[in-house]
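In what follows, a single structure is set out as structure tokens and then discussed.
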Amino acid sequence: LADHEITTDKGLLERAAQGDEAAFRQLYERHRDAVFRFAYRLLGGVEAAEDVTHDCFISLLERSHAFDPTRATLRTYLLAAARHLTYKRFRREGREDLFDEPADAVLLTEFANPLSRLLAAETAEAVQRAVLELPPLQREALILFEYEELSLAEIAAVTGVDANAVKARLHRARQGLKRALAPFWQGAALV
Amino acid sequence: LNEENEMSFSGETVLQDALALWVTPATPPALDARVLASYRRLMAAREFLAESPRTQATLDQTMEGTMKQCPNCGEDFAPAFSFCPVDGAALAATGLLYTRPEYHLTVLEETGLTRRLGREIGLLKAQLKQAWPGFKRDPLGFTKGALAAASAWFVQLFRVPHVATATVFAVLLVMSLSLAVILADGYRRRAAQQDGLVITELINLNDIPKPEEPEKEGPAGNNKGDGGGSKPKYEKPQGGGGGGDVNETRETSQGETPPMSRDPQVVVPKVEPPLDRPVLLPVTPTLKGDEALSKMPRDLQFGDPDSQSTDPSRGKGEGEGFGGGKGTGAGDGAGAGQGPGRGENIGGGDPNYGGGGPGKGGGKPSKPAVDYNREFSVKEVDRKAVIISKPEPPYTEEARKAAASGTVTLRVLLGANGAVLQITPLTRLPYGLTEQAVAAARKLRFTPAQKDGRNVAQWVQLQYDFNLY
Chain A
1 LADHEITTDK GLLERAAQGD EAAFRQLYER HRDAVFRFAY RLLGGVEAAE DVTHDCFISL
61 LERSHAFDPT RATLRTYLLA AARHLTYKRF RREGREDLFD EPADAVLLTE FANPLSRLLA
121 AETAEAVQRA VLELPPLQRE ALILFEYEEL SLAEIAAVTG VDANAVKARL HRARQGLKRA
181 LAPFWQGAAL V
Chain B
192 LNEENEMSFS GETVLQDALA LWVTPATPPA LDARVLASYR RLMAAREFLA ESPRTQATLD
252 QTMEGTMKQC PNCGEDFAPA FSFCPVDGAA LAATGLLYTR PEYHLTVLEE TGLTRRLGRE
312 IGLLKAQLKQ AWPGFKRDPL GFTKGALAAA SAWFVQLFRV PHVATATVFA VLLVMSLSLA
372 VILADGYRRR AAQQDGLVIT ELINLNDIPK PEEPEKEGPA GNNKGDGGGS KPKYEKPQGG
432 GGGGDVNETR ETSQGETPPM SRDPQVVVPK VEPPLDRPVL LPVTPTLKGD EALSKMPRDL
492 QFGDPDSQST DPSRGKGEGE GFGGGKGTGA GDGAGAGQGP GRGENIGGGD PNYGGGGPGK
552 GGGKPSKPAV DYNREFSVKE VDRKAVIISK PEPPYTEEAR KAAASGTVTL RVLLGANGAV
612 LQITPLTRLP YGLTEQAVAA ARKLRFTPAQ KDGRNVAQWV QLQYDFNLY
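Protein chains in written order, with the numbering used here: chain A, 1 to 191; chain B, 192 to 660.
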């Protein structure tokens, strides 16, 4: 492998598949957070997100040659795998709501005023609830767009539909969120 | 791109700000360790498989490609499948990796046994259904193929790391345990033989019957006719006999009653003392009846055991016996037996050989096992429980307002110790009247029921009437 290939996702994946643990670590650390965040926001629970992230990376290694860098980035590929595993989990459990305790919002420290902090905490919880209550297809589109900052084309690649459908889903998700968060709108504007 | 910008910046910053508030927790460090451990395991397994090219080839063949999905039922399938076994539709590739199921060392599952059994049977049924056409077409070839597949599976199973070691270890463990048991048993037998004893049978201590309580000596048959007899179940003995001298004016003299015998009476008992002269063929004087009802024959003077008279007299009866009756027996009846009855045996009425009950019948019959601690019904007890006081339940305020009336029926267990043990309402009334009735029933006072002379618990049914006048 040429030098420039060694640090690309494809190069790292090939070395990792051959038993190079350092390469695997590098690859894992590069994409771990994105996959975990995505899974957490889809599933709403830390444990479930951990399982999905774990399975996602192991499946990547087991079929390392199935990844084609000309078709999609590894991140998109991993997010698609995470999505698939998440849906499998939904189906297996026969439910779509897996609520853990709401995560401690790190941003809250930014609010010095206790009242603002309280309002922000309340809003954060409401946002989490509102996102988790969205239909799964709208939820994933919103998460990928707003949190993972994927382009419409990338989201289309992950979800296996065309960009227009993604756009429609995003629109509906935003409408749904606005409705759900209407009581907090004023509060959110204040903080 | 313009569209995206539009979506991002179309005055929806408030929504984005709100969304930004939902912060995900940091990726747990435990996950890193878990993923790395799985990575190492996977690599070790690969190394192992690389050493056995055949297995690798088989695996590659079956695991090649991506996951497939049924367009109808949406179920995921491994790459090796081409058609959905449920609806027969051609499977479409999902473009996702096939994840080999994790290898679990244990077979412990959370689902219940019956559910798992049902699942297995369902699977077997489906497999048989699938296999049937192939078998029908070429039974011999199919069997051969199945055997080859089974042996291949077996070989593959033992190639999995540690399976062979674990199997050998398990077999050795069970064998050594069995050997140890056999050796220990042999050693114990030898030791016992050295002591001059041979173990013929091991007796479970629980199997040894407890020594039976000695049968209480009950009253033997008597003139009242409530004695027992030699039959296994209690049956009232009946019959009787009597005799006496028509010319006699004195009452029957005091003495023992002669022994009973079912054989025909040979010698009629006399009240006179035995003659002091040699008898060529001594025959014991008997009364005709159940042997179980009489005492051992004694060479004593016969007569009426209840009499006060010591003056030898056969009584005012008629016949060869003694007492006020007729015939060759004893007592006021007629016949060869004893008592006020007729014919033979003891007691009153027409002859009937009786049977023993607890404490009756001279103890010969066995006592039927009765658990006196159980609950008895009214019909089962000898003497019913008698309620001494039955406090009336007061009306509740609500019931009075609602003008409720009716009857509460309770089933009450009156304990052997005189306490109310249990109350079950059979019919209820609203407004707390049932509770009032139950409370009143708790205050019942009664004398416990009896069975065979013992206090026992007995169920009764009580009614509490609630009426507003």
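By construction, the Cβ of each residue, glycine as well, lies at the ideal position given by its N, Cα and C atoms.
Predicted, not measured: the structure shown is a model, and the values here were computed from it.
Item	Value
Cutoff 8 Å: Val226 of chain B Cβ touching any chain A Cβ	yes
Secondary structure of Ala521 of chain B, DSSP reduced to three states	strand
Contact with chain B by Gly19 of chain A, beta-carbon distance below 8 Å	yes
Amino acids of chain A, ordered along the chain, whose beta-carbon sits closer than 7 Å to that of Asn210 of chain B	In the sequence as displayed, the identity of residue 210 of chain B is Leu instead of Asn. Result: Val127, Glu146.
Which of helix, strand or coil DSSP assigns to Gly462 of chain B	The question names Gly, but residue 462 of chain B is Val in the sequence shown. Coil, per DSSP.
Whole-angstrom C-beta distance between Leu78 of chain A and His31 of chain A, which should lie under 8 Å	5 Å
Sub-8 Å separation of Pro534 of chain B and Gly435 of chain B beta-carbons	What sits at residue 534 of chain B in the sequence shown is Gly, not Pro. For Gly534 of chain B and Gly435 of chain B, no; Cβs fall outside 8 Å.
Arg37 of chain A: contacting residues in chain B (beta-carbon distance under 7 Å)	Thr215
Trp650 of chain B burial status per 10 Å Cβ neighbour count (16 or more: buried)	buried
Cβ shell of Gly514 of chain B (< 7 Å), same chain only, five flanking positions each side left out	Gly433, Gly434, Gly435, Thr443, Asp495, Gly506, Gly508, Ala521, Gly522, Asp523
Given 8 Å, three or more beta-carbon pairs between the region 156 to 176 of chain A and the region 126 to 146 of chain A	yes
CB contact check: Pro219 of chain B to chain A, cutoff 8 Å	yes
Contact with chain B by Val158 of chain A, beta-carbon distance below 8 Å	no
Sequence-distant residues of the same chain with beta carbon closer than 8 Å to Ala156 of chain A, five excluded per side	Asp162, Ala163, Ala165, Val166
Cross-strand partners of Gly431 of chain B (DSSP beta bridge)	B:Pro531
Residues, ordered as in the chain, of the region 37 to 54 of chain A that lie near chain B by beta-carbon distance below 7 Å	Arg37, Tyr40, Arg41, Val46, Glu50, Thr53, His54
Contact set for Pro616 of chain B: own chain, Cβ-Cβ below 6 Å, skip 5 residues either direction	Leu601, Thr625
DSSP three-state assignment for Thr123 of chain A, whether helix, strand or coil	helix
Beta carbon proximity, Arg174 of chain A to chain B, threshold 8 Å	yes
C-beta neighbour in chain B for Lys10 of chain A, strict 8 Å	no
Proximity test, Cβ basis, 8 Å: Leu134 of chain A and chain B	no
Below-8 Å beta-carbon distance, Asp267 of chain B vs any chain A residue	yes
Residues that Phe567 of chain B bridges to, as DSSP identifies them	B:Gln649
For Thr600 of chain B, the residue or residues it bridges with in DSSP	B:Thr618, B:Gln654
Rounded separation between Leu206 of chain B and Arg307 of chain B - CA only	49 Å
Distance CB(Leu233 of chain B)-CB(Glu14 of chain A) smaller than 8 Å	no
Gln654 of chain B classed as buried or exposed, judged by whether at least 16 other C-beta atoms fall within 10 angstroms	exposed
Gln252 of chain B (DSSP reduced to helix, strand or coil)	The predicted position of Gln252 of chain B is uncertain, since its pLDDT is 47 and thus under 50; a value taken from the coordinates is nonetheless stated next. Helix.
Nonlocal neighbours in the same chain, by C-beta distance under 8 Å from Pro69 of chain A, ignoring five residues either side	Thr8, Asp9, Lys10
Inter-residue spacing [alpha-carbon to alpha-carbon] between Ala211 of chain B and Ala121 of chain A	12 Å
Within 8 Å, strictly: CB atoms of Glu140 of chain A and Leu60 of chain A	no
Partners in chain B for Ile155 of chain A, counting only beta-carbon separations shorter than 9 Å	Those do not exist, as Ile155 of chain A stays about 10 Å from chain B at its closest Cβ, beyond 9 Å.
Within-8 Å CB hit, Ala248 of chain B to chain A	Note that Ala248 of chain B scores a pLDDT of 49, beneath 50, so its modelled location is shaky and nothing firm can be said.
Where Gln252 of chain B falls, given that 16 or more other Cβ within 10 Å makes a residue buried	Caution applies to Gln252 of chain B, whose pLDDT of 47 falls short of 50 and renders its modelled position unreliable; the value that the coordinates give is listed next. When all chains shown are included, Gln252 of chain B counts as exposed.
Opening and closing residue of the alpha helix (DSSP H) in which Gln207 of chain B lies	204 to 212
Backbone CA spacing between Ala594 of chain B and Glu583 of chain B [nearest angstrom]	18 Å
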